[in-house]
Amino acid sequence: MGGAMNPLIVFTLAFFLFITKALYTKPLVKVFQRKFGEIAGYWLFTSFFTVLLAVFVTLLCPGVYFVRWDFPVRDFLIFFSLALLSSIPAIPEFRDFFHPKSKEERKELELVKSLTFAQAAAIQVISAALPEELVNRYIFLGLISLWNPLVGLVGISIFFGLAHKFSHSNRRWGMLLFNTLVGLVLGWAYLYTGSLLLVMTIHWLGNMLPWAYLRYASARKAILGTTILFAVLPPVILRNELTKAIDYLSGIYSTSGLLWGALIGLSMLGVAYAVLLMLKRGKKA
């Protein structure tokens, strides 16, 4: 039997397959959209594609499968708190979203408010929690971490933040900082706990909170108060767990890892942007 492939080679292949998927998946996307609707079909296919990519990567490099399927509640509370605190730079952006000025912004707000809990929950699973965590944490971070955990953590956090900024060009730079910080928290949580369920749950809950704030106007003070409590209390109450997580981070730190991570994160964005330009030019031709 042949040995597993080098994780960095598998990472390069997986990244290439991911950023070029629009070139070879369009017919399948249309099939899903005809069956499930334009928006739901697109995101269902995206989730389906990322699951297949994760399986493919695991077959090529089984070492990437260091996943735990338990749910460490104390660690969840710590990292959920850190994820909430990471949102502070994005408060002005959230405030503008909750108080739209243009007709288009008001229409978008009403669409979000009209979703039922089941609809919002399902959309957040298939559009964010499942595909983004599988791609960014399990595949990209998992593969690079087999070489150097810090390089993977820094690189994928930068890519995660910048990709969100440039895929939504109207967003402010505070949102870029928020996405980068929350990417760092999610990556840290995944490397430390090995729990995909934990990071998916944090991602899902973090995205559901703004929807709940919009949907349940009469409970906004309670939602905001509960969010603040979850942001500030766990690091105080669970100091030992936080200290252990920080010790893990200290153990993998190196200046070279930090620099390599920054270089890889920026390079990933550059390659993705070049592919995007190529696709746009192909449409115009």
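Residues 1026 to 1310 in our numbering are what the sequence shown lists, from first letter to last.
Every residue, glycine too, gets a C-beta built ideally from N, C-alpha and C.
For clarity, every value in this text was computed on a predicted model and none was experimentally measured.
Any idea what DSSP makes of residue i, helix, strand or coil?
i, result
"arginine 1093", "strand"
"serine 1072", "helix"
"serine 1127", "coil"
"tryptophan 1198", "helix"
"serine 1220", "strand"
"threonine 1083", "helix"
"tyrosine 1278", "coil"
"serine 1112", "coil"
"methionine 1026", "For methionine 1026, the predicted model reports a pLDDT of 42, less than 50, meaning its position is unreliable; a value from the coordinates is still stated below. It is coil, neither helix nor strand."
"leucine 1302", "helix"
Considering Cα atoms alone, identify which of the options is closest to residue i.
i, options, result
"leucine 1201", "Ile1148, Ile1169 and Pro1117", "Pro1117"
"proline 1156", "Arg1264, Thr1226 and Lys1246", "Thr1226"
"tryptophan 1229", "Phe1091, Asn1031, Glu1135 and Ala1145", "Ala1145"
"asparagine 1161", "Leu1102, Leu1078 and Val1300", "Leu1078"
"valine 1224", "Ser1106, Leu1140, Phe1184 and Glu1063", "Ser1106"
"isoleucine 1164", "Gly1028, Val1089 and Gly1290", "Val1089"
"tyrosine 1217", "Ala1237, Leu1187, Gly1231 and Gly1167", "Gly1167"
"leucine 1239", "Thr1141, Leu1294 and Ser1182", "Thr1141"
"glycine 1028", "Arg1059, Val1080 and Cys1086", "Cys1086"
"leucine 1301", "Asn1265, Leu1048, Thr1268 and Leu1102", "Leu1048"
"threonine 1268", "Phe1073, Ile1044 and Phe1104", "Phe1104"
Counting Cβ pairs, one atom from each stretch, are 3 or more of them under 8 Å apart for the region 1193 to 1210 and the region 1112 to 1131?
Verdict: yes, contact present.
Which runs of the alpha helix (DSSP H), 4 residues or longer, sit entirely within the region 1231 to 1263?
Qualifying alpha helix (DSSP H) stretches, in chain order: 1245 to 1262.
If you scan the region 1116 to 1170 from start to end, which runs of the alpha helix (DSSP H) of 4 or more residues do you find wholly inside it?
Whole alpha helix (DSSP H) segments, 4+ residues: 1116 to 1123, 1128 to 1139, 1142 to 1149 and 1167 to 1170.
Cβ pair count under 8 Å reaching 3, the region 1041 to 1054 against the region 1064 to 1075:
Between the region 1041 to 1054 and the region 1064 to 1075 there are three or more C-beta pairs closer than 8 Å, enough to call the two in contact.
May I ask you to verify whether the region 1124 to 1144 touches the region 1284 to 1297, counting CB pairs closer than 8 Å and requiring at least 3?
Touching, no, given that fewer than three Cβ pairs across the two stretches are closer than 8 Å.
Quick check: the region 1237 to 1253 against the region 1169 to 1176, are at least 3 beta-carbon pairs closer than 8 Å?
Remark: fewer than three beta-carbon pairs, one from each stretch, lie closer than 8 Å, so the region 1169 to 1176 and the region 1237 to 1253 are not flagged as touching.
For the pair the region 1146 to 1154 and the region 1254 to 1272, tell me if three or more CB-CB distances fall below 8 Å.
Taking one beta carbon from each stretch, the region 1146 to 1154 and the region 1254 to 1272 have fewer than 3 pairs nearer than 8 Å; the two do not touch.
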